[in-house]
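For the sequence shown, the residue numbers in the working numbering are 3 to 225.
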Amino acid sequence: MKPRQQEGIGMTSQRTRDRLIARLQTRGIHNTRVLEALRVIPRHLFVDEALASRAYEDIALPIGHKQTISQPYVVACMTEAIMQENIPSKVLEIGTGSGYQAAVLAALVDQVYTVERIEPLYLQARRRAMRLGLHNIRFKLSDGCWGWEGYAPFDAVVVTAAPSEIPSALTDQLAENGRLVIPVGQTSGIQKLMLLRKSRGSIEQENLGDVSFVPLVQGKVYT
Ligand code: SAH
């Protein structure tokens with residue numbers, strides 16, 4: 003990739019990106035590592051070129067296949083939630099989508115594992131990570147309701163699509179003192195963003211507020 007493309011111009015310039023970071027701070031994101039990760043990952047390279055000029059607005063954007071790249075504020079909230087006490091080393095993400103949340107995590111933790119059910123999104127996200135030199139992300143085309151048993155346990159799990167109930171495989175694959183952040187609720191409408199902590203085998207839950215995600219759907223899709 004040409005350096006100019008990564009740096010961005012005009013609506014994707016560093017100044018535009020810094021404005022987004024300032025907005026996230028105003029909205030209550032305080033973790034400086036998280037803010038820095040969002041500052042350095044070029045969100046405009048995770049959306050279609052036609053939408054690049056809107057990439058640093060604090061909004062979700064379409065990525066095809068009826069899916070969306072999450073709003074930067076929500077990405078920051080979820081990332082902050084799993085980093086409250088210490089920095090996790092191994093993180094599992096369910097719902098790769100554009101690969102943006104995985105890239106933000108990859109800037110912060112040792113190893114990211116991410117699972118996507120729609121093949122073209124999985125392939126595109128993998129290509130993007132390679133181009134950006136993000137070598138600490140492993141991608142899998144699968145139904146994320148099953149987690150990724152081969153690499154469990156995880157210090158943290160981030161789910162970016164909403165089930166009506168939390169899949170038990172995800173809490174099972176959480177390490178002791180691990181954290182799981184997940185939107186839970188009916189497939190359409192408003193979900194609750196839940197933060198779960200595993201402590202001595204039992205699970206504590208905290209409600210972080212209302213969010214709106216695409217549904218977590220079972221099964222793989224090849225198109
Ligand atoms: N984290 C993404 C947001 C993607 S939207 C980003 O940063 O861009 C949610 C994604 O979850 C979609 O790509 C959708 O296909 C995927 N998804 C939905 N159900 C899934 C499942 N059971 N397993 C894996 N991925 C799933």
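Every residue, glycine too, gets a C-beta built ideally from N, C-alpha and C. Computed from a prediction, not measured in an experiment: that's the story for all the values here.
Beta-carbon separation (whole angstroms), residue i vs residue j, contact threshold 8 angstroms
{"i": "L26", "j": "Y58", "result": "Not confirmed; about 11 angstroms, so no contact."}
{"i": "G99", "j": "L123", "result": "6 angstroms"}
{"i": "S91", "j": "V111", "result": "6 angstroms"}
{"i": "T225", "j": "E121", "result": "6 angstroms"}
{"i": "V216", "j": "T81", "result": "Actually they are not in contact, since the Cβ atoms of V216 and T81 sit about 19 angstroms apart, beyond 8 angstroms."}
{"i": "W150", "j": "L198", "result": "Contact doesn't hold; Cβ gap of about 18 angstroms is too wide."}
{"i": "R181", "j": "A83", "result": "7 angstroms"}
{"i": "A109", "j": "I43", "result": "6 angstroms"}
Residue range of the unbroken beta strand (DSSP E) whose run includes residue i
{"i": "P1", "result": "The structure shown does not extend to residue 1, since the chain is modelled only from 3 through 225, so no value can be given for it."}
{"i": "D50", "result": "D50 -> no beta strand (DSSP E), and no H or E assigned at all."}
{"i": "Y192", "result": "Per the sequence presented here, residue 192 reads as Ile, with Tyr not at that position. Neither: I192 is in no beta strand (DSSP E) and is coded neither H nor E."}
{"i": "T116", "result": "113-118"}
{"i": "Q69", "result": "69-71"}
{"i": "E121", "result": "Not the beta strand (DSSP E): E121 falls in the alpha helix (DSSP H), residues 121-133."}
{"i": "I96", "result": "92-96"}
{"i": "A158", "result": "156-161"}
{"i": "I23", "result": "That residue, I23, is in no beta strand (DSSP E); its alpha helix (DSSP H) goes 16-28."}
Any non-hydrogen atom of the ligand SAH closer than 7 angstroms to residue i Cβ
{"i": "G146", "result": "yes"}
{"i": "V102", "result": "A small correction: the amino acid at residue 102 is Tyr; Val does not occupy that position in the sequence shown. Within the cutoff, so yes."}
{"i": "V1", "result": "Outside the shown range of the chain, which is 3 to 225, sits residue 1, and nothing can be said about it."}
{"i": "L110", "result": "no"}
{"i": "S15", "result": "no"}
{"i": "A163", "result": "yes"}
Residue from the options with nearest C-alpha to residue i
{"i": "M196", "options": "A78, I61, V219, A164", "result": "A164"}
{"i": "S15", "options": "T28, L143, R41", "result": "R41"}
{"i": "Q193", "options": "D50, E167, E38", "result": "E167"}
{"i": "E38", "options": "A52, V49, R19, F48", "result": "R19"}
Residue range of the unbroken alpha helix (DSSP H) whose run includes residue i
{"i": "E82", "result": "74-83"}
{"i": "R181", "result": "Looking at the DSSP string, R181 is not in any alpha helix (DSSP H); the run it does join, the beta strand (DSSP E), is 176-186."}
{"i": "E208", "result": "Note, E208: premise wrong, no alpha helix (DSSP H); beta strand (DSSP E) at 204-213."}
{"i": "A105", "result": "102-108"}
{"i": "R35", "result": "34-42"}
Any non-hydrogen atom of the ligand FAD closer than 7 angstroms to residue i Cβ
{"i": "Q220", "result": "This structure does not include the ligand FAD; its bound ligands are the ligand SAH."}
Closer than 8 angstroms is the cut-off here; do at least three beta carbon pairs connect the segment 136-147 with the segment 105-117?
yes
Measuring CB atoms only, is the segment 175-187 touching the segment 149-159, in the sense that at least three cross pairs come out at less than 8 angstroms?
yes
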